[in-house]
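Numbering (my numbering), first residue to last: 258 to 501.
See below:
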């Protein structure tokens, strides 16, 4: 009687072990299949980047220019509409696309007239910034100003060419600062071919400052908001800040 009970017990253990082995084998197969699926999906997914213009024609499979989302120029009759250069180029295992702003259209909502900021689409616009007749009165920049301000000028950070000769324009190239009126007229340079732009900011109601690194120096220039004429400039001397 005891031997029979022992046999049934060992048979039960054997069956339980077999079930556990089968369960973990199936679980391991499912986990392995899922991991493999995620790896393949990651390797073959479409990858998109911004602020990169590929200049090698053989690498670009398809290129088109499309209008982006219009933005109101605060306190004016104008819409600012970006022109984006969209490039698709296939890689060995996946496709890649780049979507970059290369020009701006200024559209008058009252009379339907429009104009382009630049005569060609060969540059890369990294950002733009509006300047007004008054700086924000609130010390909380995320709060909307209660006073209606008049927009006076726009400043832009622009890549003009492939300065590091790597076959594309991107944020790693030399950067220039331009300005225009709020309708896109008067587009002109303020700072050209800087290594890095540290700041572009309206400092007072009448002035704005551009601070930048160029040729191993840290420089700044102050301009008039209304006509963008230079007010003063200088260099930040770092010798006193460097310990002996």
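Note that CB positions come from ideal geometry on N, CA and C, so glycine has one too.
Simplified DSSP state of residue i, which is helix, strand or coil
i	result
residue 365	strand
residue 308	coil
residue 290	helix
residue 439	coil
residue 268	helix
residue 327	coil
residue 314	helix
residue 283	helix
residue 277	helix
residue 355	strand
residue 449	strand
residue 345	strand
residue 410	strand
residue 444	coil
residue 375	coil
residue 415	strand
residue 392	coil
Buried or exposed (CB count within 10 angstroms, at least 16 for buried), residue i
i	result
residue 483	exposed
residue 363	buried
residue 280	exposed
residue 435	buried
residue 307	exposed
residue 480	buried
residue 432	buried
residue 427	buried
residue 422	exposed
residue 489	exposed
Proximity of residue i and residue j at Cβ, strictly below 8 Å
i	j	result
residue 410	residue 388	yes
residue 359	residue 383	no
residue 493	residue 477	yes
residue 336	residue 330	yes
residue 310	residue 342	yes
residue 407	residue 390	yes
residue 312	residue 424	yes
residue 332	residue 392	no
residue 495	residue 467	no
What are the uninterrupted segments assigned as beta strand (DSSP E) that are 3 or more residues long and contained completely in the segment 452–493, given in chain order?
Runs of the beta strand (DSSP E) lying entirely within the segment 452–493, each at least 3 residues long, are 453–459, 464–471, 474–481 and 487–493 in chain order.
Taking 8 Å as the cut-off, does the segment 328–348 touch the segment 445–460 (at least 3 CB pairs, one atom from each stretch)?
The segment 445–460 makes no contact with the segment 328–348; the number of CB pairs closer than 8 Å stays below 3.
Is it a yes or a no for the segment 369–387 touching the segment 270–283, going by three-plus beta-carbon pairs under 8 Å?
-> Between the segment 369–387 and the segment 270–283 there are fewer than three C-beta pairs closer than 8 Å, too few to call the two in contact.
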